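Mind the numbering: the sequence shown is residues 6 to 134 in the numbering used here, read in order. Note that the Cβ used here is the ideal one computed from N, Cα and C, for glycine as well. Computed from a predicted structure; not experimentally measured. Please read the structure below before turning to the comments.
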Amino acid sequence: MRFDGLTKSFRYPGWRIGWTLGPPDIVESLARTASALDGGPSRVAQRAALEALEPAKADQETTAVRDVFAKTKHDVGRARGFGRALRTQTSRHVLLLGLPRKALDHRVMTVPGQFFDVNPGKLRKSPSP
6 MRFDGLTKSF RYPGWRIGWT LGPPDIVESL ARTASALDGG PSRVAQRAAL
56 EALEPAKADQ ETTAVRDVFA KTKHDVGRAR GFGRALRTQT SRHVLLLGLP
106 RKALDHRVMT VPGQFFDVNP GKLRKSPSP
C-alpha cells in the first residue's frame with residue numbers, strides 16, 4: 006500500500022487531495038469509507054489537482070521542492086546556540102537537544118518529539134506513548 010498527497014509531496018498546503026495505491030479491493034473499501042466520512046474534495050480542487058499532476062508540471066514542482074530542501078536541509082541545526090543537533094533522514098527536520106528561547110528569533114518552528122514518538126538513541130526509558 007502507498008498513500009500520498011499534494012499537501013505532503015508537492016507542498017500544496019490545504020489542497021486536501023490524496024491517493025492510495027494498492028490492491029483494488031482495499032482501495033475500493035478505503036474510497037467508500039473516505040466518501041462516507043468527509044464526502045471528498047471539491048470538484049474545483051480535483052480539477053486543479055489533475056493539472057498539477059500533469060507529468061511536466063509534477064516534475065517541475067517536485068524538483069523545485071527537492072532543490073530548496075537540499076539547500077536548507079540542516080541549516081537550523083548549524084545555527085549557533087541551538088544545543089546539539091541530530092541529523093535525521095527526513096527532508097528538513099532536525100532534532101535539537103537543548104533548544105534555547107533564542108530559536109524563536111530565527112523563526113524556528115518546534116514540535117516536541119513526543120508528538121512523533123521520537124526517542125533518539127533510546128534516551129527515554131519510559132514506554133512509548
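- Here A54 is buried, its C-beta having at least 16 other C-beta atoms within 10 Å.
- F15 counts as buried, since at least 16 other C-beta atoms from the protein chains shown sit within 10 angstroms of its C-beta.
- Taking every protein chain shown into account, the CB of I31 has fewer than 16 other CB atoms within 10 angstroms, so this residue is exposed.
- By the beta-carbon neighbour count (other beta carbons within 10 angstroms, threshold 16), L11 is buried.
- For T25, the enclosing beta strand (DSSP E) stretches over residues 23-26.
- Per DSSP, the continuous alpha helix (DSSP H) segment holding D43 begins and ends at 29-43.
- A Cβ-Cβ distance of about 7 angstroms is found for the pair F8 and G23, placing them in contact under the 8 angstroms criterion.
- Under the three-state reduction of DSSP output, R48 falls in the helix class.
- Shortest Cα-Cα distance from R52 to any of R21, K13, R71 involves R21.
- Annotated three-state conformation of R7 is strand, per DSSP.
- Cα atoms of E59 and R112: separation of roughly 34 angstroms, rounded to the nearest angstrom.
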